[in-house]
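**Student:** Protein sequence lines, in the order shown, are assigned to chains Y and S. This note's numbering numbers the first residue of the first sequence as 193 and each following residue consecutively. This note's numbering numbers the first residue of the second sequence as 613 and each following residue consecutively.
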Amino acid sequence: MIPAAFEYQRPSSLDEAVRLLADSGDDAKLLAGGHSLLPLMKLRLAAPSMLIDIGRLRDLSYISDAGDTVTIGALTRHHEVETSALLKAQVPLLAHATSQVGDPQVRHRGTIGGSIAHGDPASDLPAVCLALRATFTVVGPNGSRQIPADDFFRGFLETALSADEILTEISVPKVPDAGWSFQKFNRRAQDWAIVGVAAVHNGSTGVGLVNMASVPVRAAAVEDAIAAGSSAAEAATHASDGLDPPADLNASQEYRRHLAEVLVRRALQEAGAP
Amino acid sequence: MTGAGTFVGNHSPEGMAHAVFVRSPLAHGEVRSVETGDARRAPGVLGVWTADDLGVAPFHGFMVLNEACARPPLAAGKVRFVGEPVAVVVAETRAQAVDAAELVEVDYEPLPPAIDPEDALAPGASLQFEKLGSNLAAGVRSTGEDPLTGASRVVRLRMVNQRIAVVPMEGNAILAVPGADGDGYDLTVYVSTQMPHGFAAALARILGLDAARLRVIAPHVGGGFGGKAGAAAEHVVVVATSIALGRPVAWVETRSENLLSMQGRGQVDYIEMGFDDDAKITGMRARVVGDAGAYAGFGGALALGPTRMMAQGVYRIPAVAYDVAAALTNTTPMGAFRGAGRPEAAAFLERVMDLAADELGVDPVDLRRRNLIDGDAFPYTTRMGTTYDSGDYARALDQAVRLAGYEELRAEQSARRARGERIALGIGVAVYVEVTAGGGGKEFGAVTIDADGGATIRVGTSGHGQGHATSFAMIVADRLGIPMDRIRFVQSDTALVPRGGGTGGSRSLQIGGNAVRAAAEEVWLRARDLAAEELEADPGDIVATDDGRVGVAGVPARALTWSALAGLAEGAGAGPLAAEVDFAQAAATFPFGAHVAVVEVDLDTGAVVPLRHVAVDDCGRILNPMIVAGQQHGGIAQGMAQALWEEMVYDADGNPLTATLADYGMPSAAEMPSFEASNTETPTPLNPLGAKGIGESGTIGSTPAVHNAVVDALSHLGVRHVEMPCTPERVWRAIKETEAAGGRQPDTSVWREPPAFFAELPTPDAAGRPEAADVDI
Chain Y
193 MIPAAFEYQR PSSLDEAVRL LADSGDDAKL LAGGHSLLPL MKLRLAAPSM LIDIGRLRDL
253 SYISDAGDTV TIGALTRHHE VETSALLKAQ VPLLAHATSQ VGDPQVRHRG TIGGSIAHGD
313 PASDLPAVCL ALRATFTVVG PNGSRQIPAD DFFRGFLETA LSADEILTEI SVPKVPDAGW
373 SFQKFNRRAQ DWAIVGVAAV HNGSTGVGLV NMASVPVRAA AVEDAIAAGS SAAEAATHAS
433 DGLDPPADLN ASQEYRRHLA EVLVRRALQE AGAP
Chain S
613 MTGAGTFVGN HSPEGMAHAV FVRSPLAHGE VRSVETGDAR RAPGVLGVWT ADDLGVAPFH
673 GFMVLNEACA RPPLAAGKVR FVGEPVAVVV AETRAQAVDA AELVEVDYEP LPPAIDPEDA
733 LAPGASLQFE KLGSNLAAGV RSTGEDPLTG ASRVVRLRMV NQRIAVVPME GNAILAVPGA
793 DGDGYDLTVY VSTQMPHGFA AALARILGLD AARLRVIAPH VGGGFGGKAG AAAEHVVVVA
853 TSIALGRPVA WVETRSENLL SMQGRGQVDY IEMGFDDDAK ITGMRARVVG DAGAYAGFGG
913 ALALGPTRMM AQGVYRIPAV AYDVAAALTN TTPMGAFRGA GRPEAAAFLE RVMDLAADEL
973 GVDPVDLRRR NLIDGDAFPY TTRMGTTYDS GDYARALDQA VRLAGYEELR AEQSARRARG
1033 ERIALGIGVA VYVEVTAGGG GKEFGAVTID ADGGATIRVG TSGHGQGHAT SFAMIVADRL
1093 GIPMDRIRFV QSDTALVPRG GGTGGSRSLQ IGGNAVRAAA EEVWLRARDL AAEELEADPG
1153 DIVATDDGRV GVAGVPARAL TWSALAGLAE GAGAGPLAAE VDFAQAAATF PFGAHVAVVE
1213 VDLDTGAVVP LRHVAVDDCG RILNPMIVAG QQHGGIAQGM AQALWEEMVY DADGNPLTAT
1273 LADYGMPSAA EMPSFEASNT ETPTPLNPLG AKGIGESGTI GSTPAVHNAV VDALSHLGVR
1333 HVEMPCTPER VWRAIKETEA AGGRQPDTSV WREPPAFFAE LPTPDAAGRP EAADVDI
């Protein structure tokens, strides 16, 4: 439970962080809340040569009203997201789903940006961002760019972030009147989801899936079926279309597919899809 | 919570070094070579040892299951399970030791492993100890008549009592401090153990130390649950390196190390129960495989010992046959976990009774009532040769059923079924009896009146969260009238307590408590006589007064303080006002109880949510109700965890897949309902307090009650059995296969013929009786 030796830098500004990251090569890792990276390091499953601790860049911690969207600084802790009055009113799915992440200790340390940049298919928030059609802002040596959630998750723990880029902001459309649901199925309260479903229904329908592929995914076939007039129950039968869900201690592929159908149906019904 | 605890890990004497183990990544393999040069040269490293360097002969753990399977403290020639230590690195800091351990290179030649205990006993299995000729660590078959002869119905069940981890809050930890301490000791060992005196004896024997010059202290211990008995391989290695270096060496294991250090349960049970036309039991045949893990871990012997001893449980069973095999497998050595062999017996009995209720069309409570041993039959000797001291099983069952509102629950269950609800209600019942203080009940207890008028208790039990300081002080305060806050409590240090059996097997109050009680009684008699003489009164008129003195009944002015009495005793030349007692209990005691569990099952996902748990546990006369309730609550939680969440899983190659708490399903309070714990009180005649043990009861009653509740929730669909833990996927599969089979779960999910090896086990005359069959933990 002791990590291998590493160098440690704590930049005092985003610019400095970007510069350090560019100078440090591929083996450096950004440290935010540490709740994904540090366990891997303690088990020596990850051994970065340098940690760049951005955890104290307080100007990357905010939840702001930006008109049609709410923007959230990448270093905003889960606890702030789950308790934000603005998010509860305008994007209640995100506030609620965040309240289901880990346990209170995790939510007081972990950050939304860290969770998304880690790109873990078993994490809740990437699926929520997919359902909500969120957009991510990333900053690198050549300035900033915007990446839709749909284009962000590329492979297992692999994202569209370049090695020299830092995720700085999450932008989510306001959906104050939309129906929504977050179905998290796990064996113990603090566990990752065996399967999770985030759904938002607002004329159009967004459905994101947790732990149903090697990356966080949208249930595109379900969304299409609803758009084509299917009922929730019919649409749910397409929950795992085209997906190759993982098999592990908690669930076989077959059981995951079954769970996905049950949970998508429940999510669509709770979100008010016909 | 004050943060003032002193666990092993809180000690850091001058010059303390740290040990880290290099462990086998293979379940079975030859060790070709161990290259330690780079590690020895790494920064801060004080030494690296392999089996060859250490020179400590193989030894047995807490108890011996098979003499031929002694374990070298560092793997010698072969590795036999994933996690077995192959080398140890000792360095100035723990981080240096961890870094250097990565530099040790071990060349292994993989061997095929034997992981499943039944496969391990099949012909052609890879052998763990070649000279044994098989993986049978021990076994015995019955030779009497077929107990099922004459039954009009026979109900058959194969069930797996899965391996679970012990998961104490604090893992194993040891700090060895060599060198004369000025008090006559050459070596002081701080160790997280349930049994410091037993640990000292084992360590002295294994390392050839002078026991009189070895001091063992169990400081605060963060939970034992059976997992901290005897000297582990790592303990011995740490002490040996500290002696070699002449420096204090500490080892505090990681959580993953703890999960692989010792595991419990791990049986496969083939149970056949015969009934007559009135649903009365006519006989039982049990064939049981105990998984011993590597090196014939003593837990494999529990199937030969306590599981066999308690195989008849609470029922009148006219004939019983019990065949048992303990198998060597290439997995973590098995040991004891809360209940240690008795929960396994209760689990198969209660599961087969519910299966029988289903097949015979009798209500589960009714079936039990028809077959319970009568309350006026005690002492009662079973077909297993076990004599139950006292009991009233029907009373416990009646109370549990009444408190649960059993009939109302059944009505609600029926209503939900009638409405076709997808959230089904399940009601599970279990009645159990278990054995406490089973392995030779003797304990040291002493009471000394101090010069200041307070009292000091010294006792050979070794409490680690059971509240002994409170319970034992209550006993002394009750007899002597000295307020509890003036009573000091000494335990768990071989320099301060001359001998002791430690804490395990729910023995402490009934044996240690009675030793303290007897010592307090002796002190009282001496104090009474001293007071009578000093006050010129008849000894029969001397009482302990309400204000904490000793005086003449009804004459407040004529009384002496305990301080004065202590002085009088010294003055009389008879030594301090004190007494030491070795209390022995003639036989074991048999607590019992009945549990009713209520669960909801989501028929679409298979998810189980425990709603209520009613426990009626009878531990004889109760000394402290809060402490009893605390034991019930903790026990229920751990037993429920086995039914629903916990399982130590190995893949076919012997890799443990649940070696962190992220993967191993230990629940938290968030998963538990509020427990409804109560008691009946049926005192034992075997000790003056009338007390039996309560430490393990909750675990024993709750597992089958919850297990039965899950199956009961699905019974209307035709489901008859689900293996533990009843995970959502297992429940879903049981529903699915039952639906596919037209509404009756296939027989293959309930029973299959036992493997052929049972027929070839030794007969009772030919089988030895391993020491570990009489384990008390």
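All C-beta atoms, glycine included, are put in the ideal place defined by N, C-alpha and C.
Leaving out five residues before and five after P685 (chain S) in sequence, what residues of the same chain have Cβ atoms less than 6 Å from its Cβ?
**Tutor:** Correct list, in chain order: V668, A845, V848, V849.
**Student:** For the structure I just gave you, are there three or more beta carbon pairs, one from the region 1248 to 1260 of chain S and one from the region 1317 to 1325 of chain S, closer than 8 Å?
**Tutor:** Contact between the region 1248 to 1260 of chain S and the region 1317 to 1325 of chain S is present, because at least three Cβ pairs lie under 8 Å.
**Student:** Taking Cβ positions, are A1127 (chain S) and D1194 (chain S) nearer each other than 8 Å?
**Tutor:** The answer is yes: Cβ separation under 8 Å.
**Student:** I'd like to know whether the C-beta of Q297 (chain Y) is nearer than 8 Å to at least one C-beta of chain S.
**Tutor:** Not an interface residue.
**Student:** With 16 as the cutoff for other CB atoms within 10 Å, does Q338 (chain Y) come out buried or exposed?
**Tutor:** Classification for Q338 (chain Y): exposed.
**Student:** Under 8 Å between C-beta atoms, does F377 (chain Y) make it to chain S?
**Tutor:** Closer than 8 Å to some Cβ of chain S, the Cβ of F377 (chain Y) qualifies, so yes.
**Student:** What does DSSP give as the partner residue(s) for P1295 (chain S) in the beta ladder?
**Tutor:** P1295 (chain S) is not bridged to any residue.
**Student:** Using a Cβ-Cβ cut-off of 7 Å (strictly less than) and excluding sequence neighbours within five positions of R1111 (chain S), which residues of its own chain qualify?
**Tutor:** Once the five neighbours on either side are set aside, the close Cβ partners of R1111 (chain S) are H809, F1056, G1072.
**Student:** Given that V936 (chain S) touches chain Y, what residues does it touch there, using C-beta distances under 7 Å?
**Tutor:** None at all; the shortest Cβ gap to chain Y is about 30 Å.
**Student:** Can you round the beta-carbon distance between V857 (chain S) and L658 (chain S) to whole angstroms, since I take them to be within the 8 Å contact cut?
**Tutor:** At residue 857 (chain S) the sequence reads Leu, which differs from the Val that was named. At roughly 6 Å, the Cβ-Cβ gap stays under 8 Å, so L857 (chain S) and L658 (chain S) are in contact.
**Student:** Am I right that E704 (chain S) and G656 (chain S) are in contact with their C-beta atoms under 8 Å? What's the rounded C-beta distance?
**Tutor:** With 8 Å as the limit, E704 (chain S) and G656 (chain S) qualify as a contact, their Cβ atoms being about 4 Å apart.
**Student:** Hey, R980 (chain S) and V932 (chain S): beta-carbon distance below 8 Å or not?
**Tutor:** In this structure, V932 (chain S) does not lie closer than 8 Å to R980 (chain S) by Cβ.
**Student:** Just checking: is the beta-carbon of A381 (chain Y) within a distance shorter than 8 Å of some beta-carbon in chain S?
**Tutor:** For A381 (chain Y), the answer is yes, since a Cβ of chain S falls inside 8 Å of its Cβ.
**Student:** Given a threshold of 16 other Cβ atoms within 10 Å of its Cβ, counted over all protein chains shown, does Y1000 (chain S) qualify as buried or as exposed?
**Tutor:** The residue is buried, with at least 16 neighbouring Cβ atoms inside 10 Å.
**Student:** Short of 7 Å Cβ to Cβ, which residues in the region 1239 to 1262 of chain S face chain Y?
**Tutor:** If the cut-off is 7 Å between Cβ atoms, the region 1239 to 1262 of chain S has W1257, V1261 near chain Y.
**Student:** Just tell me which of S:L769, S:I1239, S:D798 has its CA closest to the CA of E884 (chain S).
**Tutor:** Nearest of S:L769, S:I1239, S:D798 to E884 (chain S), Cα basis: S:L769.
**Student:** Of the choices S:L1009, S:D798, S:T941, S:G791, whose alpha-carbon is the least far from that of A734 (chain S)?
**Tutor:** The residue with the shortest Cα to Cα distance from A734 (chain S) is S:T941.
**Student:** Check whether the region 781 to 792 of chain S and the region 621 to 638 of chain S touch, using three or more Cβ-Cβ pairs below 8 Å as the test.
**Tutor:** The answer is yes - the region 621 to 638 of chain S touches the region 781 to 792 of chain S, with three or more Cβ pairs under 8 Å.
**Student:** For I893 (chain S), which of S:S764, S:G953, S:I1123, S:Q875 has the nearest alpha-carbon?
**Tutor:** Here the closest residue by C-alpha is S:S764.
**Student:** Which partner residues does W863 (chain S) have in the DSSP bridge list?
**Tutor:** According to DSSP, which records beta bridges pairwise, W863 (chain S) is partnered with S:I786.
**Student:** My understanding is that E1349 (chain S) touches G1218 (chain S), with C-beta atoms under 8 Å, so please give their C-beta distance in whole angstroms.
**Tutor:** Not confirmed; about 12 Å, so no contact.
**Student:** Taking its Cβ as the centre, do 16 or more other Cβ atoms sit within 10 Å of N334 (chain Y), making it buried, or is it exposed?
**Tutor:** Result: exposed.
**Student:** Are the beta-carbon atoms of V1045 (chain S) and M921 (chain S) separated by less than 8 Å?
**Tutor:** No. Outside cutoff.
**Student:** Looking at the structure shown, is Y934 (chain S) part of a helix, part of a strand, or coil, going by DSSP?
**Tutor:** Three-state result, Y934 (chain S): strand.
**Student:** For T1315 (chain S), verify whether its CB is less than 7 Å away from any heavy atom of the ligand FAD.
**Tutor:** Ligands in the displayed structure: none, and consequently the ligand FAD is not present.
**Student:** Would the region 1283 to 1290 of chain S and the region 1237 to 1256 of chain S be scored as touching if the rule is three or more Cβ pairs under 8 Å?
**Tutor:** A contact exists between the region 1283 to 1290 of chain S and the region 1237 to 1256 of chain S.
**Student:** Alpha helix (DSSP H) containing H270 (chain Y): first to last residue?
**Tutor:** Segment 270 to 275, the alpha helix (DSSP H) holding H270 (chain Y).
**Student:** At a CB-CB cut-off below 7 Å, which residues of chain S make contact with A443 (chain Y)?
**Tutor:** The answer, in chain order, is E1341.
**Student:** Give a yes or no on whether the C-beta atoms belonging to S1002 (chain S) and P1300 (chain S) are separated by under 8 Å.
**Tutor:** Contact: no.
**Student:** Return the first residue and the last residue of the beta strand (DSSP E) that R897 (chain S) is part of.
**Tutor:** From DSSP, the beta strand (DSSP E) with R897 (chain S) extends over 893 to 905.
**Student:** If you pair each beta-carbon of the region 1132 to 1145 of chain S with each one of the region 1088 to 1104 of chain S, do three or more pairs fall below 8 Å?
**Tutor:** Contact between the region 1132 to 1145 of chain S and the region 1088 to 1104 of chain S is present, because at least three Cβ pairs lie under 8 Å.
**Student:** Between A654 (chain S) and W661 (chain S), what straight-line distance do the alpha-carbon atoms span, to the nearest angstrom?
**Tutor:** So the two alpha carbons sit approximately 14 Å from each other.
**Student:** Can you list the residues of chain Y that A707 (chain S) reaches, using a CB-CB cut of under 7 Å?
**Tutor:** In chain order: I194.
**Student:** Give me whichever residues DSSP pairs with F674 (chain S) in a beta bridge.
**Tutor:** Bridge partners of F674 (chain S): none, in fact.
**Student:** Taking the alpha-carbon positions, what's the G1305 (chain S) to V779 (chain S) distance?
**Tutor:** Straight-line Cα distance between these residues: approximately 22 Å.
**Student:** Check for me: the beta strand (DSSP E) holding S636 (chain S) runs from which residue to which?
**Tutor:** Counting along the chain, S636 (chain S) falls outside any beta strand (DSSP E), and DSSP gives it neither H nor E.
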